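What follows is one structure encoded as structure tokens, with my remarks underneath.
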Amino acid sequence: MFKRFSVKALLTWVIALLALGLVTVLASGAWESARSYATAARISAVTRVSQDVFTSLHNLRLDRASALRDLPADRVFATLTPQLETSRKAEMPALNATLAGLRTLDFAGHEDLATSLQGAISRLADLHTESTAALSRPKAERRPSLLTDYNRETAALLELLDRISAQLVKSVKLQDPYVDQLFQIKQLAWTTRNAAGDTALLVSNPLAGQPLVKEPLQRYATLTSQIDSTWAVLVEFAASMPLPDQLSSRIEAAKREFFSPTFMDLRLNTLKALMAGTPPGITAEEWTPLAVSKLAYFQAVAQTALDLAEQHAQNRQADAFRSLLIQSGLLLLSAVFGIAMIVVVTRRVTRPLERMTTVMKSLAAGDLAVTVSDTDRSDEVGAMAQAVLVFREEMARNADLERENAETRERAEAERHQAMQALADEFEQAVGGIIRNVSTSSDALHQTARSMSTTAQETSSRSTAVAAAAEQASTNVVMVASSAEELGASVDEISRQVEQSASLSASAVAEAARTGEVIRELAQAASRIGDFIGLISNIASKTNLLALNATIEAARAGDAGKGFAVVASEVKDLASQTGKATEEIEAQISAIQRTTEHAVQVIENVSNQIRQMSDVATGISAAVEQQGVATKEIVRNVDQAATGTNTVTSHIADVARTADQTGTAASEVLSASATLSEQASHLETQMRRFLGTIRAA
Numbered sequence: 001m002f003k004r005f006s007v008k009a010l011l012t013w014v015i016a017l018l019a020l021g022l023v024t025v026l027a028s029g030a031w032e033s034a035r036s037y038a039t040a041a042r043i044s045a046v047t048r049v050s051q052d053v054f055t056s057l058h059n060l061r062l063d064r065a066s067a068l069r070d071l072p073a074d075r076v077f078a079t080l081t082p083q084l085e086t087s088r089k090a091e092m093p094a095l096n097a098t099l100a101g102l103r104t105l106d107f108a109g110h111e112d113l114a115t116s117l118q119g120a121i122s123r124l125a126d127l128h129t130e131s132t133a134a135l136s137r138p139k140a141e142r143r144p145s146l147l148t149d150y151n152r153e154t155a156a157l158l159e160l161l162d163r164i165s166a167q168l169v170k171s172v173k174l175q176d177p178y179v180d181q182l183f184q185i186k187q188l189a190w191t192t193r194n195a196a197g198d199t200a201l202l203v204s205n206p207l208a209g210q211p212l213v214k215e216p217l218q219r220y221a222t223l224t225s226q227i228d229s230t231w232a233v234l235v236e237f238a239a240s241m242p243l244p245d246q247l248s249s250r251i252e253a254a255k256r257e258f259f260s261p262t263f264m265d266l267r268l269n270t271l272k273a274l275m276a277g278t279p280p281g282i283t284a285e286e287w288t289p290l291a292v293s294k295l296a297y298f299q300a301v302a303q304t305a306l307d308l309a310e311q312h313a314q315n316r317q318a319d320a321f322r323s324l325l326i327q328s329g330l331l332l333l334s335a336v337f338g339i340a341m342i343v344v345v346t347r348r349v350t351r352p353l354e355r356m357t358t359v360m361k362s363l364a365a366g367d368l369a370v371t372v373s374d375t376d377r378s379d380e381v382g383a384m385a386q387a388v389l390v391f392r393e394e395m396a397r398n399a400d401l402e403r404e405n406a407e408t409r410e411r412a413e414a415e416r417h418q419a420m421q422a423l424a425d426e427f428e429q430a431v432g433g434i435i436r437n438v439s440t441s442s443d444a445l446h447q448t449a450r451s452m453s454t455t456a457q458e459t460s461s462r463s464t465a466v467a468a469a470a471e472q473a474s475t476n477v478v479m480v481a482s483s484a485e486e487l488g489a490s491v492d493e494i495s496r497q498v499e500q501s502a503s504l505s506a507s508a509v510a511e512a513a514r515t516g517e518v519i520r521e522l523a524q525a526a527s528r529i530g531d532f533i534g535l536i537s538n539i540a541s542k543t544n545l546l547a548l549n550a551t552i553e554a555a556r557a558g559d560a561g562k563g564f565a566v567v568a569s570e571v572k573d574l575a576s577q578t579g580k581a582t583e584e585i586e587a588q589i590s591a592i593q594r595t596t597e598h599a600v601q602v603i604e605n606v607s608n609q610i611r612q613m614s615d616v617a618t619g620i621s622a623a624v625e626q627q628g629v630a631t632k633e634i635v636r637n638v639d640q641a642a643t644g645t646n647t648v649t650s651h652i653a654d655v656a657r658t659a660d661q662t663g664t665a666a667s668e669v670l671s672a673s674a675t676l677s678e679q680a681s682h683l684e685t686q687m688r689r690f691l692g693t694i695r696a697a
């Protein structure tokens, strides 16, 4: 596959592919660095906006709590309370910064949130202006619905800020685990701070002259339980991650200051005193700064978590930017390196190889004056150029040697021509005489072969006639021999049939003897059966007598013997029947014995006849065997005569074949002598042509 490409193309493609692979890797790294930088920048922007949202939430809650406490009060405020003034000064810039940051971000629903926040900020600014003026006038001159409007708008704004905070966290969730953990700590700290603020309001509002909420202790217990559970989650979550000392100290400070037994007891006792209507021992002006200072510890935890998240995002952004610069620089260097390598390879390798190829082609074409360049280089190209230079010098030396060899060949050719002329003369004298002698001898041989061929033809004709007569005699003898053999075969067959008949007669005599024995055994068995029949007849007569006696005894016994008389009567009947059956069987046995004796006599007569037939067959077999011997002698003599006739015929045929072979050999000698004569003439012609060629050379 690669044989179709030149070295220049292969080297260029290899370097280009290597550079492309390096550029691809570095470009991928640069792309990842750019993505990491964009993610870090997004997280940094979200943390900044989250800090503004947190500042807005914290100060808005203080603003709301102070305004809702001061607006229904009977006193006239020449100036705003320090808490209200401080919170408003921090609140509005944070809200405006949140609005500006929200518009720079890009996440689902950010435009709607920005529009809603802009309207809420505008309405809050109007309420600030109106409430500031209302607090400087007596309560009766204040708009009655101002407190309701202020409560509604600030609550709606707090809810909107919570939604914005949640959307900000959601937009960067799962992009940086450490930032997610810090946001979680911030949210837990803020939830704890909200519950703690609501608990402080249970005390601060009654101290300012507002009525207690319904079931204040139950509300207090609910809020403190929420504070404890949320804070426990925060502490446990913070313990599962490596925290900076700054955040750890904030958490420990909040735990130490807010959850101190002194503050807890003061808050609970003041609420109980307010519920009982007794002096609480502390005023609203004293409680509010104290409560706000305690809430500030939770705010500090949340703020520190946001600060650390922003710092982490900025560090990550800086690292990503640094990595992006490095990756981009390496990408540029790799591209420059690839181009430089292609240029260097082209100048140092491919172009010298092209020049070397041109020189080699010129040398191959026979141009020994071509100039070999790059011989002064110390690399492989220089070594190749030196080799080509040596090759050119060797080609020049070979050209000189070829010229000298050509001159030597010309001189040797002239000397060889003179030697060939002398050799041709000698060859003509020596071989010409031999060819003339061969031609004369071939003519004499031709005449002798012609005479031999005529004699062989006559011998072959006479041998053929004798062979035909011998063949006819041999055929007649073979026919006689065949007839004799058929006669011998017939005699053998008669002998075999007679022997088989004698064998069957002997078998029949044996079978008749065995049949006589069986019938005699049958007669003996019938005789024994007759003995048994006599015994049975004797038993039946005795049984009949016993039955008669039993009948008599039964008659004597009277009624008691009636049953026995019946049995005796039945036994008597059975004895009578047995006697009759025995007589019949005895008559049948007597008939069987008479028949058996007659059968024995008949079988003995048959055996005698079969023995006579066997003797006759034996005589016939002996006569046939003698005839067979005579026939075989005739066949043997005829076979010998046929064999002699065949031998004569074979010898005559051999004579005829020998005569034919002699004639054939004579014809071949005749043909060979003619061919030899022609070859001698042809050889003489070729010799003259050869000598002419040698002399011409």
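Residue 1 is where the sequence shown starts when you use UniProt numbering, and the numbers rise one by one after that.
Ideal Cβ placement from N, Cα and C applies to all residues, glycine included.
If you're wondering where the values come from, they're calculated on a predicted model, not measured in any experiment.
- request: Give the C-beta separation of residue 117 and residue 185 to the nearest angstrom, bearing in mind that I take them to be a contact with Cβ-Cβ under 8 angstroms.
  value: In this structure, residue 117 and residue 185 do not form a Cβ contact; the two beta carbons are roughly 25 angstroms apart against a cut-off of 8 angstroms.
- prompt: Roughly how many angstroms lie between the CA atoms of residue 215 and residue 297, to the nearest whole one?
  reply: Near 28 angstroms, if we compare the C-alpha coordinates of residue 297 and residue 215.
- request: Specify, as a first and last residue, the run of the alpha helix (DSSP H) that residue 251 falls within.
  value: 245 to 258
task: Please state if the CB of residue 127 and the CB of residue 150 are separated by a distance shorter than 7 angstroms.
output: yes
field: Delimiting residues of the alpha helix (DSSP H) encompassing residue 183
entry: 177 to 207
Contact set for residue 52: own chain, Cβ-Cβ below 7 angstroms, skip 5 residues either direction: 94, 97, 98 and 101
task: Quick one: grab the DSSP three-state call for residue 748.
output: Here the chain comprises residues numbered 1 to 697, so residue 748 is not present and cannot be evaluated.
message: I'd like to check one pair, residue 317 with residue 41: are the Cβ atoms closer than 7 angstroms?
response: yes
Identity of the residue in 84, 308, 223 and 212 nearest residue 180 by Cα: 308
- request: In the DSSP assignment, find the unbroken alpha helix (DSSP H) run with residue 119 in it and report its ends.
  value: 110 to 135
- prompt: By how many angstroms is the C-alpha of residue 189 removed from the C-alpha of residue 54?
  reply: 11 angstroms
- prompt: Shortest alpha-carbon distance to residue 15 belongs to which of 338, 587 and 400?
  reply: 338
Whole-angstrom distance between residue 175 and residue 287, CA atom to CA atom: Near 43 angstroms, if we compare the C-alpha coordinates of residue 175 and residue 287.
task: Report all residues from its chain with a CB closer than 8 angstroms to the CB of residue 113; omit the five preceding and five following residues, and keep chain order.
output: 102, 160, 163, 164 and 167
message: Suppose you measure from the CA of residue 447 to the CA of residue 682; what does that come to, to the nearest Å?
response: 21 angstroms
query: With distances taken from CA atoms, which of 132, 204 and 304 is nearest residue 290?
result: 204
task: Report yes if the C-beta distance between residue 26 and residue 334 is below 7 angstroms; otherwise report no.
output: yes
- prompt: Run through DSSP, which three-state label would residue 174 get?
  reply: coil
Cβ shell of residue 386 (< 8 angstroms), same chain only, five flanking positions each side left out: 375
message: Quick check: the segment 343 to 359 against the segment 378 to 394, are at least 3 beta-carbon pairs closer than 8 angstroms?
response: yes
- prompt: Which word fits residue 631, buried or exposed, when buried means at least 16 other C-beta atoms lie within 10 angstroms of its C-beta?
  reply: Here the model assigns residue 631 a pLDDT of 49, short of 50, so the residue's position is not dependable, and the following value carries that caveat. Buried, by the Cβ-count rule.
- request: Kindly indicate which three-state DSSP category residue 214 falls into: helix, strand or coil?
  value: Coil.
message: Between the segment 68 to 81 and the segment 28 to 45, can you find at least three pairs of beta-carbon atoms closer than 8 angstroms?
response: no
query: In whole angstroms, what is the alpha-carbon distance linking residue 18 and residue 9?
result: 14 angstroms
field: Endpoints, the alpha helix (DSSP H) within which residue 267 is located
entry: Annotation for residue 267: the continuous alpha helix (DSSP H) segment containing it runs 261 to 276.
- prompt: My guess is that residue 44 and residue 303 are in contact by the Cβ rule of under 8 angstroms, so how many angstroms apart are they, rounded?
  reply: In fact, because the Cβ distance is near 16 angstroms, the residues do not count as touching under 8 angstroms.
- request: Would you kindly work out how many angstroms separate the C-alpha atoms of residue 91 and residue 59, rounded to a whole number?
  value: 5 angstroms
message: Can you give me the C-alpha to C-alpha distance between residue 172 and residue 201, rounded to a whole angstrom?
response: 34 angstroms
message: Using a 10 Å radius around the Cβ and a threshold of 16 neighbouring Cβ atoms, would you call residue 13 buried or exposed?
response: exposed
- request: Could you check if residue 310 is buried or exposed, using at least 16 other CB atoms within 10 Å of its CB as the buried criterion?
  value: By the neighbour-count criterion, in which 16 or more other beta carbons inside 10 Å mark a residue as buried, residue 310 falls on the buried side.
- request: Express the C-alpha separation of residue 158 and residue 143 in angstroms, rounding to a whole number.
  value: 23 angstroms
message: Below 8 angstroms, how does it come out for the segment 266 to 282 and the segment 231 to 243: are there three or more Cβ pairs, yes or no?
response: no
message: Any beta carbon of chain B sitting closer than 7 angstroms to that of residue 128?
response: The question asks about chain B, but that chain is absent: this structure has only one protein chain.
task: For residue 244, I'd like the list of residues in its chain whose CB is within less than 7 angstroms of its CB, leaving aside the five on either flank, ordered along the chain.
output: 308
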